[in-house]
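For the protein sequence lines, the chains are B and A, in the order given.
Residue numbers for the first sequence follow my numbering, beginning at 116 and rising by one.
Residue numbers for the second sequence follow my numbering, beginning at 2 and rising by one.
Don't be surprised by glycine CBs; every beta carbon is placed ideally from N, CA and C.
Read through the structure below, which is laid out as structure tokens, and then see the notes.
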Amino acid sequence: MRQYFGRKLLIYGLTFFMAVTINWMIPRFMPGDPVAGMLARARVTQPEAVEAMRAYYTNLFGFDLPIWKQYLNFWAALLHGDFGISVWVFPTPVSTVILGAVPYTLALMIPAVLLSWVVGNRLGAYAARRKLLDNSVLPIGYVLTAMPYMWLAVILAWGLGVVAGIFPVAGGYSFAMRPNWSWEFLGDLALHWTLPFASLFLVALGGWAIGMRNMIIYELESDYSNYLAALGAPQRLIRRYAFRNAVLPQITGLALQLGVLVAGALVTEIVFSYPGLGSLILKAIQNQDLFLLQGTFLFIVLGVLIANFIIDVVYVVVDPRTRAGMAGAAA
Amino acid sequence: MRNRARFLIPLVVAGLVAAACSSGGSTPPTQGSNAASAPAAGPANPNSLPRNETLYTSGTQWGPPANFNPIREWDSATGTKGLAYETLFHFDPNAGKLTPWLAESGSWTDETTYELKLRKGVTWSDKQPFTAKDVVFTFELGKMKTIPYANIWNWLKSAEAVDDQTVKFTFSKANYQEWDFNLYGRAIVPQHVWSGRSEEDVLNGVNENPVATGAYKYLSHDQDRVAWVKRDDWWGKTALGMDPKPKYIVDIVNSSNEVAMGLLLQKGLDLSNNFLPGAANLVKGNFGISTYYPEPPYMLSANTAWLVPNTTKKPLDDPAFRKALANSIDTKKIVEGVYGNLVKAANPTGLLPQWDKYIDQNVVSQNGFGYDKDKAKKLLADAGYKDRDGDGFVENKDGSKINLSLIVPSGWTDWMEAIRVIAASAKESGIAITPDFPDFNALVEKRGSGKFDLVINNERQLSNSPWTYYEYVFQLPIQKVQNTVNFGRYENKKAWDLVQKLDQVKADDVEGMKALTSQLQKIQLEEMPNIPLWYNGLWSQVSSAMWKNWPTSAAGTPKSAPAMWRNWMELGGFETITRLQPATP
Chain B
116 MRQYFGRKLL
126 IYGLTFFMAV
136 TINWMIPRFM
146 PGDPVAGMLA
156 RARVTQPEAV
166 EAMRAYYTNL
176 FGFDLPIWKQ
186 YLNFWAALLH
196 GDFGISVWVF
206 PTPVSTVILG
216 AVPYTLALMI
226 PAVLLSWVVG
236 NRLGAYAARR
246 KLLDNSVLPI
256 GYVLTAMPYM
266 WLAVILAWGL
276 GVVAGIFPVA
286 GGYSFAMRPN
296 WSWEFLGDLA
306 LHWTLPFASL
316 FLVALGGWAI
326 GMRNMIIYEL
336 ESDYSNYLAA
346 LGAPQRLIRR
356 YAFRNAVLPQ
366 ITGLALQLGV
376 LVAGALVTEI
386 VFSYPGLGSL
396 ILKAIQNQDL
406 FLLQGTFLFI
416 VLGVLIANFI
426 IDVVYVVVDP
436 RTRAGMAGAA
446 A
Chain A
2 MRNRARFLIP
12 LVVAGLVAAA
22 CSSGGSTPPT
32 QGSNAASAPA
42 AGPANPNSLP
52 RNETLYTSGT
62 QWGPPANFNP
72 IREWDSATGT
82 KGLAYETLFH
92 FDPNAGKLTP
102 WLAESGSWTD
112 ETTYELKLRK
122 GVTWSDKQPF
132 TAKDVVFTFE
142 LGKMKTIPYA
152 NIWNWLKSAE
162 AVDDQTVKFT
172 FSKANYQEWD
182 FNLYGRAIVP
192 QHVWSGRSEE
202 DVLNGVNENP
212 VATGAYKYLS
222 HDQDRVAWVK
232 RDDWWGKTAL
242 GMDPKPKYIV
252 DIVNSSNEVA
262 MGLLLQKGLD
272 LSNNFLPGAA
282 NLVKGNFGIS
292 TYYPEPPYML
302 SANTAWLVPN
312 TTKKPLDDPA
322 FRKALANSID
332 TKKIVEGVYG
342 NLVKAANPTG
352 LLPQWDKYID
362 QNVVSQNGFG
372 YDKDKAKKLL
382 ADAGYKDRDG
392 DGFVENKDGS
402 KINLSLIVPS
412 GWTDWMEAIR
422 VIAASAKESG
432 IAITPDFPDF
442 NALVEKRGSG
452 KFDLVINNER
462 QLSNSPWTYY
472 EYVFQLPIQK
482 VQNTVNFGRY
492 ENKKAWDLVQ
502 KLDQVKADDV
512 EGMKALTSQL
522 QKIQLEEMPN
532 IPLWYNGLWS
542 QVSSAMWKNW
552 PTSAAGTPKS
562 APAMWRNWME
572 LGGFETITRL
582 QPATP
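Put into structure tokens, the structure is as follows:
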């Protein structure tokens, strides 16, 4: 067991190191100069003032150092929990900017991922055994899963937001509100959360339902099911076994899908201008805010790694064969 | 069933833990922004702003409101200058003159001395009186080299407070036009709060809870908005007889055209200064949204979009080639096809309609240009640019191929479409142009360092004087990096001398200005350092569902600029707000 998790942790550590390094590299290889962009936005005409500001900012962000030194400084600062100062929302520290956005993204992602997975699997399992349900779940599932996130988001915003006027089209909470602990505010938060959540949930739902349906059908036709049936076991029991076997690939699928879901959440946030990490990443790229980009990516990498680790743990819990395998290996 | 539920437990637990983290994590920022505004808490600081007392605006802020520092005119939160901090004068583009604001009057007592009389009874939002010392302090901040207006000290000798209401400025060289620009452009900051701040604080400080003289004060902000609340003791109520009706103003950070459009249609936004493609359909389609003009061009003109050739590169260093290029562009197609008549084609001089009186029509009729394919071809042929290999495009005089790249920032869809039209129409005259869409920052770098062939730019806005436009076209000397002006690196000493002379003409001497602008226009049209294309609009879509009496071209309505854009509050934007009336009394 320890060996299993030790190996896993080592792999996660390596992945983390590589991912952070790549995160550091990519923005620096983007064309353009963040300080130049910053100065251009400042629209300072006087050459002396421009030079003074350029020198000041270049030094402030450490761009005047050799590249390897910048890299080492980056790790040193990172280990101190210092993500640097944002170029885009200058002079706010990156960590403040990210902390303001993370709750929104998590509140959107976690329910969307978990609920779509649970509901999708249920729906798929039911569909596999009822012709009528199957005829509707299958086509709807295919349509949903093939839908690009942003497209569904735009349709929802237009239909339920602009035309029907039920839901707001933008923002994390009403522009008239200020954050406070009242039912009114929480209700407002929920109202703004519904559409982005729905678009993420629906797209993911289709994929899980189809996957589960196919898995169940496969399992029901496998030898052990036939054997059980021949023994005269009740259908309920056979289905329960089939479900437990079918759910394993779905858990692996969840680990694999996480990255895609994060990407989907990013686009959805942009459509609804939901103040989460997705909107931040877009802005960071547009404004060449290397530090903000590094910070947000770091958060996403961490999030995906942690989620994967949790899934690893879950896998051990739900699949006795992994435990048996580990015991065998340890012996 | 029991078994199935079991494997869900860790997942649920993980979910709950994460959810707990997320709700726990959400506490600090929301609490933080609450705490920041807590000192002002009370009945005037509600958690929910009543819709009928709130004005919602958008179209200015492109990122979270990161600071309230009026020195950072380019990225301070919308309203920092205009709603909170005020300037000595405002400028009325319709009348073409300065209107006294914090100052009661100002005059040149001799050629190089300017005397400013300030209003009595103006108070800062912390109840301290506003005096001449604050004005002197603000201008002296410019002695720090990184302050945007540092250069006035190249020609300003001293600023002194004669008494509480009088400031005397002594100049070593009186740049009258530029001085007027500074009079309505610079926000006055309180000495009693700002003195003792270091250069770094002045330039980069966030300046939370700004202490200012304006009609509104800071209420709260978040990533995607900033809210201001009206000051009941604002001096302008009695001194100017202005009483803005909206109790709250909330400016919403821009996200996308779709969102701005959606908010407008949901009546959640009163004034949108976003460029909305197809705004004409919104106006005609009975959605309750209107613009300044009910017919084309719908918007007032705000600035000129110029095609800037890099005059250090072949063949763009040849005025004859630039002239041919100017004649080869079908601007009408851009105005109608790309913008659906939301903009107007520019005068050959590029001067905005508000500056019509400075245009020498004789010079324009003799030297002006317009879309004329045959003329463009003739100009090319006369100058020695011929199509030798028969590919339909002319070559350089030495026979090498010409292929110019024309750049605009990626994602600026209207401009992207416009340069495709330019490339297509230049092709008909035999000039090969390839449209290219680099990322904005990459473009800025290329533009500044002169590593481009052709670029479109419209950064110079309407101002008190066409001098700002000529400075933009002709400024010398050329620097290693050209940050805001003369991107084409055009060098003409004579023209630059004329521009400096223009700066030293008094604002009321229109004839004197005309004499110089006429000479400048002649040089401009003969040399074509920049090619004016169209006037970009003062994008403004308003909804009258909550607030009425918006400026329009119709009789009996205000004529001020309906804009919250940076530096436009002093050009009529603030006046627009003061004239709004609740739609339902």
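Identify the continuous alpha helix (DSSP H) that holds residue i and give its terminal residues.
i	result
Arg245(B)	First-last for Arg245(B): undefined, no H or E at that position.
Ala382(A)	374-384
Ser366(A)	362-368
Asp318(A)	Careful: Asp318(A) lies outside any alpha helix (DSSP H) and carries neither H nor E.
Gln350(B)	350-386
Arg421(A)	414-429
Leu310(B)	298-335
Gln237(A)	Sequence check: residue 237(A) is Gly here, not Gln. 237-240 is the span of the alpha helix (DSSP H), which, as asked, contains Gly237(A).
Asn183(A)	177-186
Against chain A, does residue i count as a neighbour if the rule is that its beta carbon must be under 8 Å from one of theirs?
i	result
Asp148(B)	yes
Gly177(B)	no
Met265(B)	no
Arg237(B)	no
Gln350(B)	no
Asn250(B)	no
Phe205(B)	yes
Asn174(B)	no
Phe406(B)	no
What is the C-beta distance between residue i and residue j, in whole angstroms, given that I count them as a contact (C-beta under 8 Å)?
i	j	result
Leu534(A)	Trp307(A)	7 Å
Pro467(A)	Thr518(A)	6 Å
Lys571(A)	His91(A)	According to the sequence shown, residue 571(A) is Glu rather than Lys. Contact holds; Cβ gap of about 5 Å.
Pro302(A)	Tyr536(A)	Here residue 302(A) is Ser; the residue named in the question, Pro, does not match the sequence. With a Cβ gap of about 4 Å, Ser302(A) and Tyr536(A) count as contacting.
Arg490(A)	Gln501(A)	Between Gln501(A) and Arg490(A) the Cβ distance is about 19 Å, and since that is not below 8 Å, they are no contact.
Ala85(A)	Tyr219(A)	7 Å
Val422(A)	Val474(A)	Between Val474(A) and Val422(A) the Cβ distance is about 24 Å, and since that is not below 8 Å, they are no contact.
Phe370(A)	Pro349(A)	6 Å
Is residue i close to chain B? Criterion is C-beta to C-beta, closer than 8 Å.
i	result
Leu264(A)	yes
Ile578(A)	no
Phe288(A)	no
Leu50(A)	yes
Pro29(A)	Bear in mind that a pLDDT of 34 at Pro29(A), under 50, signals an unreliable position, so the model cannot answer this.
Arg389(A)	no
Arg226(A)	yes
Which one of the options has the shortest CA to CA distance from residue i?
i	options	result
Ser77(A)	Glu87(A), Gly83(A), Pro66(A)	Pro66(A)
Ala242(B)	Val150(B), Phe144(B), Val252(B)	Val252(B)
Tyr299(A)	Pro583(A), Gln542(A), Asp373(A)	Gln542(A)
Val386(B)	Gly276(B), Ala191(B), Ala268(B)	Ala268(B)
Val233(B)	Leu317(B), Gly379(B), Leu397(B), Ser340(B)	Leu317(B)
Arg354(B)	Gly368(B), Tyr339(B), Pro364(B), Gln365(B)	Tyr339(B)
Gly451(A)	Asn487(A), Ala555(A), Tyr470(A)	Asn487(A)
Gly199(B)	Ile421(B), Leu420(B), Gly410(B)	Gly410(B)
Asp454(A)	Asp415(A), Gly351(A), Ile408(A)	Ile408(A)
Val165(B)	Pro218(B), Leu154(B), Leu175(B), Asn174(B)	Leu154(B)
Gly121(B)	Thr309(B), Phe424(B), Phe144(B), Asp197(B)	Phe424(B)
Thr81(A)	Pro211(A), Asn531(A), Lys315(A)	Pro211(A)
Val278(B)	Asn68(A), Pro130(A), Phe288(A), Pro245(A)	Phe288(A)
If you follow the beta strand (DSSP E) that residue i is in, where does it begin and where does it stop?
i	result
Lys218(A)	217-223
Gly107(A)	104-111
Ala160(A)	157-164
His91(A)	90-93
Ile126(B)	Ile126(B) -> not in any beta strand (DSSP E); alpha helix (DSSP H) instead, spanning 117-144.
Trp307(A)	302-310
Do three or more CB pairs link the segment 198-208 of chain A to the segment 58-74 of chain A at distances below 8 Å? Cβ pair count under 8 Å is three or more, so yes.
Would the segment 371-379 of chain A count as touching the segment 318-328 of chain A if we require 3 or more Cβ pairs under 8 Å? Yes, the segment 371-379 of chain A touches the segment 318-328 of chain A.
Assess contact between the segment 182-200 of chain A and the segment 245-264 of chain B, defined as three or more Cβ pairs (one per stretch) separated by less than 8 Å. Is contact present? Cβ pair count under 8 Å is below three, so no.
Taking 8 Å as the threshold, find out whether the segment 251-266 of chain A comes into contact with the segment 273-289 of chain B through three or more Cβ pairs. Contact holds: three or more Cβ-Cβ distances are below 8 Å.
Using 8 Å as the Cβ pair cut-off and three pairs as the minimum, do the segment 217-230 of chain B and the segment 329-347 of chain B touch? Judged by Cβ distances under 8 Å, the segment 217-230 of chain B makes no contact with the segment 329-347 of chain B, as fewer than three pairs qualify.
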